């Protein structure tokens, strides 16, 4: 079954039609997920990677379109520890935030240092710089000069009650991944209402928290990607290593900039 909608000639016209439709649903109370209205626009792409239209962030899961975001892991070197890969010898600690307990989605869960959705017209770098300042009080210049890009993590969410609104909605997502080494005198501090507090934890502490299910689900995936890249998770110590890596990079069969071709 194919439903054809939003066939207007131009992107602004299509975006306006989508906005009117979603606003009507909200006014009529059709979907609980729209109670989390964000006044942020997410892009939806066509077969040629052109922008088809933009949609209110909270409504994107109703359409099943790919959404895009950024995740950044900020870490600090620990004096006196080795640089060899794996375990305590990794020689770093990572900044880990706890989400505010009054957040609409996944309240009180652990997150990656900085994460956020990419708005229409925003590049991954622009987004991560903005989010670093908003969520962790990290200066834009410091981030711009030191951040390192590490590809993407792609997956499909099956939304549960912690996501807010209707459950069982399938939402494909693509996250652009960044690392940022911070000097010991630079601290991550909450700068908005989305973060309750920051912790500076070693790998072992993070592994324990992951095992207890304290992390937001997609943040767990990004943390596993970090462990793979840093040699914490290897073929030698994880029997399902190859399957894990495959699942961190699912093929999303939807048009958009995440597609390689």
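Residue numbers (the numbering used here): 81 to 341.
Note that CB positions come from ideal geometry on N, CA and C, so glycine has one too.
All values reported here derive from a predicted model rather than from experimental measurement.
*Would you give the residue range spanned by the beta strand (DSSP E) that residue 321 belongs to?*
First-last for residue 321: 321-328, but that is the alpha helix (DSSP H), not the beta strand (DSSP E).
*asked:* Using only the alpha-carbon positions, how far apart do residue 168 and residue 203 sit?
replied: For residue 168, the predicted model reports a pLDDT of 49, less than 50, meaning its position is unreliable and no value from the coordinates is stated.
*Return the CA-CA distance between residue 218 and residue 158, expressed in angstroms with no decimal places.*
Rounded to the nearest whole angstrom, the CA to CA distance from residue 218 to residue 158 is 20 angstroms.
_Distance between residue 185 and residue 113 (C-alpha atoms, nearest Å)_ = 10 angstroms
*Write down every uninterrupted run of the alpha helix (DSSP H) in the region 181-241 whose length is 4 residues or greater and which is fully enclosed by it, in chain order.*
Entirely contained in the region 181-241, the alpha helix (DSSP H) runs reaching 4 residues are, in chain order, 204-216 and 220-226.
*asked:* Could you tell me the alpha carbon to alpha carbon distance between residue 97 and residue 250, rounded to whole angstroms?
replied: 23 angstroms
*residue 90 by DSSP, collapsed to three states: which one?*
In this structure, residue 90 counts as coil in the three-state DSSP scheme.
*State the CB to CB distance for the pair residue 192 and residue 152, rounded to an integer number of angstroms; the pair is presumed to be in contact (CB under 8 angstroms).*
7 angstroms
*What residue does the beta strand (DSSP E) around residue 252 start on, and which one ends it?*
Where residue 252 is concerned, the enclosing beta strand (DSSP E) stretches over 250-261.
_DSSP three-state label for residue 276, please._
strand
*For residue 299, which of 231, 86 and 195 has the nearest alpha-carbon?*
195
*Quick one: give me the first and last residue of the alpha helix (DSSP H) that residue 309 is part of.*
297-309
*Out of curiosity, what's the CA-to-CA distance linking residue 215 and residue 275?*
7 angstroms
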